[in-house]
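Residue numbers (full-length UniProt numbering): 1 to 169.
Shown next, in the form of structure tokens:
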């Protein structure tokens, strides 16, 4: 007896198999090194985009009162909000970030940016080699110009917040 199963493109099939075998890894991939390792593990960009979407879905959504112009990132085609919380209790301010977007892939980019910068001192944020990381992940050559500009706007906003935290300290 032959079963009629839905036809699956090979890339989708490999992602589905990978996703089920590594479902826990997707949920736990919140550290920057986990994200880098997973990007390197995935063979093609269709799978990487799906992973990026999964990262975004794992972000805790912002409350409605945080999705305001105060937290909106300018220069993004999609709606993007970043909430910065400085902790000035130590010798240097440490910044924590939370974010959200109305676009799935961009929300995944927000997750990467948060993993990269959140919990670092303002000085560490300003010294971070962002371009090196994005080259490692291959994002520069695989994002649309609009998404690349939005990503630069997010990073610019985070650096501005870090500079403000240093000035206030």
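The C-beta atom is built at its ideal place from N, Cα and C for all residues, glycine as well.
- About 4 Å separates the CB atoms of residue 97 and residue 118; that is less than 8 Å, so the two are in contact.
- Comparing alpha carbon positions, the residue from 93, 144 and 65 closest to residue 100 is 65.
- Taking 8 Å as the upper bound for CB-CB distance, residue 75 and residue 149 are in contact here, some 6 Å apart.
- Residues 73, 74, 75, 76 and 80 of the same chain have their beta carbon placed closer than 8 Å to that of residue 153, with the five preceding and five following residues left out of the count.
- The alpha carbon of residue 142 has as its nearest neighbour, out of 87, 61, 84 and 106, the alpha carbon of 106.
- Counting the other CB atoms within 10 Å of its CB gives residue 126 a total below 16, which places it among the exposed residues.
- When secondary structure is reduced to three states using DSSP, residue 50 falls in the helix class.
- Taking a C-beta distance under 9 Å as the contact criterion, residue 62 and residue 133 do not qualify as a contact pair.
- DSSP lists 95 as the bridge partner or partners of residue 86.
- Residue state for residue 160 is assigned as helix, using DSSP reduced to three classes.
- Taking 8 Å as the upper bound for CB-CB distance, residue 162 and residue 82 are not in contact here, some 12 Å apart.
- Within the DSSP bridge table, the entry for residue 121 names 94 as partners.
- Between residue 122 and the set 93, 111, 114 and 156, the nearest pair of CA atoms involves 93.
- Annotated as proximal: residue 151 and residue 109, with beta-carbon spacing under 9 Å.
- In this structure, 139 is the residue among 67, 157, 139 and 169 with its C-alpha nearest to the C-alpha of residue 52.
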